[in-house]
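Colleague:
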Amino acid sequence: MVSSRLLPAVGAWALGMMINSVVNVWAQYRADYYWPRDPQTGLVVNPTVLPDLGFDLLPHYSSDGLGFSLPDTCMLLCMLFAIGRLFFAFKPSRAAIIIKRALLLSSASYLGRALCVPVTMLPNPDPMCMPRLVEGSPFWSVMLMPFGLAHTCADVFYSGHSIPITLSILVWSTYTRTWQERLLGVGFGAFSLLVIICTHFHYTLDVVYGVGVTTIIWLLYHYALTVPAVVLNSPFLVFWELDAFLRGSATAAAAASVSPTGGRVRLNNDTARHSLLADVEAGCGVASEVRLQTLYTGIVPLRFEEDPRLLWGTRAEGVDGSWSTIRGGIVGPSQTTFRQQPRLGINGAGTIAPEPSQSSGATLQGNMRAR
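Going by full-length UniProt numbering, 293 is the number at position 293 of the sequence shown; the sequence numbering is gapless.
(1) Are the CB atoms of Thr-166 and Gly-189 nearer to each other than 9 Å?
(2) Please state the DSSP three-state secondary structure of Leu-144.
(3) Between Ser-63 and the rest of its own chain, which residues show a CB-CB distance below 8 Å, the 5 nearest in sequence each way excluded?
(4) Between the Cα of Asn-24 and those of Cys-78, Ala-150 and Tyr-61, spot the shortest distance and give me the residue it belongs to.
(5) DSSP state of His-222, grouped into three classes?
(6) CB Leu-104 to CB Ala-12, shorter than 9 Å?
(7) For the alpha helix (DSSP H) that Glu-181 lies in, which residues bound it at each end?
(8) Under DSSP, the alpha helix (DSSP H) around Thr-166 begins and ends at which residues?
(9) Tell me which residues share the same chain as Leu-15 and place their Cβ nearer than 8 Å to its Cβ, disregarding the 5 neighbours each side in the sequence.
(10) Relative to the C-alpha of Met-18, which residue among Thr-204, Phe-139, Leu-310 and Leu-205 is closest?
(11) Measuring alpha carbon to alpha carbon, tell me which residue in Gly-84, Arg-94 and Glu-306 is nearest Thr-178.
(12) Only counting the same chain, and skipping five residues up and downstream in sequence, which positions put a Cβ closer than 7 Å to that of Gly-54?
(13) Give the single residue among Val-171, Leu-144, Pro-8 and Pro-51 whose Cα lies nearest to the Cα of Leu-219.
(14) According to DSSP, what are the bridge partners of His-202?
(15) How many angstroms separate the CA atom of Gly-42 from the CA atom of Met-130?
(16) Could you pull out every residue in the same chain whose Cβ sits closer than 6 Å to the Cβ of Leu-122, ignoring the five residues on either side in sequence?
(17) From Ser-162 to Leu-77, what distance separates their C-alpha atoms?
(18) Rounded C-beta distance between Leu-58 and Leu-194? I'm assuming under 8 Å.
(19) So the candidates are Arg-303, Thr-226, Met-128 and Leu-310; which of them puts its Cα closest to the Cα of Tyr-61?
(20) I'd like to know whether the C-beta atoms of residue 378 and Ala-89 end up nearer to each other than 9 Å.
(21) Compare the beta carbon distance of Pro-308 and Ala-244 with 9 Å and say whether it is the shorter of the two.
(22) Could you pull the DSSP bridge partners for Arg-309 from this structure?
(23) Can you tell me which residues form a DSSP beta bridge with His-151?
(24) Measuring only the C-alpha atoms, how far is Arg-5 from Pro-235?
(25) Give me whichever residues DSSP pairs with Val-45 in a beta bridge.
(26) Look at Ser-109 and Ser-21 and say whether their C-beta atoms are less than 9 Å apart.
So, in structure tokens, the structure goes:
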């Protein structure tokens, strides 16, 4: 049975949130020292709002003018729409893989925020903001904050609300098939980000950096998943993506769908030439007369909008001018299954290489690690 990484991801997300809450409460106590509050009203005496281009260009609305928090509501709706879309488009086990990735990367973004909040504190852009903490108990203030039962006003840079909203946008843009769906998800996410600025919940700078940091983390992680050598040589990725490796009979079915001419794989200049799978012939069980020359080997990842699991194919060109395609998927951290497709020589004659057994995958992975 595949070991799901959803529960560990929830734990990583909870840890990031708790560390973030600790920093927020600490920053609030420091802010009360530098910006004293009126004991009668609880508001900051002589509040200062920094000049902000977003505030100048966009209209101002009260964050709770409708009886509820607009930024909180928009953030929650963004997450619910994205999660609902995943379960509508994918099987639950595959939707869980995407949610796991979002939680893990969310934790990384919140840890980055925890480093930024106490370093340079900015005055809150909303002069009416009043912290709600458990008096005399920082511990319980920290414990209640992730549930919205306590909040602070000193955690300005960068925006914590922009993290789940940005992740929702990225889920729509990465894991949906049509541009109409992407436009819907990205459009509502952009609207939610504008709501944060219009309500003066955060400075525009906070939102821009929150979006930027989260997007960079997302892109780097997903790009790494498209390179087999990176995944198989990273204990971190092997652990967190264990549930995304193919298992059992699913390998053959998935391998059959990965083809450079099947319409589901993009071949471009980045995947045309790559010397990644050195000595692949030593471990794939291919007959000696049709062994592959790996000087020109291209890695062809399956697009995540089709399947969030780790699926790769390869193209190889022999020194005699012939070409062949290997297509397959990773069965597990220590096994790889590949299927050999017809080879066409210079004279146009075709040959079929025998299929390797799964037991040969360990040798292949060892060769990949050696590189």
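For glycine and all other residues, C-beta sits at the position ideal for the given N, C-alpha and C.
Predicted, not measured: the structure shown is a model, and the values here were computed from it.
Modeller: Working from what's here:
(1) Note that the C-beta distance between Thr-166 and Gly-189 is below 9 Å.
(2) In this structure, Leu-144 counts as helix in the three-state DSSP scheme.
(3) Excluding sequence neighbours, Ser-63 sits near Ser-69, Leu-70, Pro-71, Asp-126, Thr-199, His-200 and Phe-201.
(4) Residue Ala-150 is the option with its Cα nearest to Asn-24.
(5) His-222 sits in a helix when the DSSP states are folded into three classes.
(6) Yes, the pair counts as a contact, with Cβ atoms nearer than the cut-off.
(7) Unbroken alpha helix (DSSP H) run through Glu-181: 179–198.
(8) Start and end: 162–175.
(9) Excluding sequence neighbours, Leu-15 sits near Ser-107.
(10) Residue nearest to Met-18 within the set Thr-204, Phe-139, Leu-310 and Leu-205 is Phe-139 (criterion: CA-CA distance).
(11) Nearest to Thr-178 by C-alpha distance, out of Gly-84, Arg-94 and Glu-306, is Glu-306.
(12) Ile-197 and Thr-204.
(13) When only C-alpha atoms are compared, the closest one is Val-171.
(14) For His-202, no pairing in a beta bridge is given by DSSP.
(15) Their Cα atoms are separated by approximately 7 Å.
(16) So the qualifying residues of the chain are Val-156 and Phe-157.
(17) So the two alpha carbons sit approximately 13 Å from each other.
(18) Leu-58 to Leu-194, Cβ: 7 Å. Contact.
(19) Comparing alpha-carbon positions, the option among Arg-303, Thr-226, Met-128 and Leu-310 lying closest to Tyr-61 turns out to be Met-128.
(20) The chain is shown only over 1 to 371; residue 378 falls outside these bounds and no answer can be derived.
(21) For Pro-308 and Ala-244, yes; Cβs fall inside 9 Å.
(22) Arg-309 is not bridged to any residue.
(23) Partner(s): Arg-132.
(24) Cα to Cα, Arg-5 sits roughly 14 Å from Pro-235.
(25) DSSP, once it has assigned bridges, lists no residue as partnering Val-45.
(26) Pairing Ser-109 with Ser-21 gives a Cβ-Cβ distance that is not under 9 Å.
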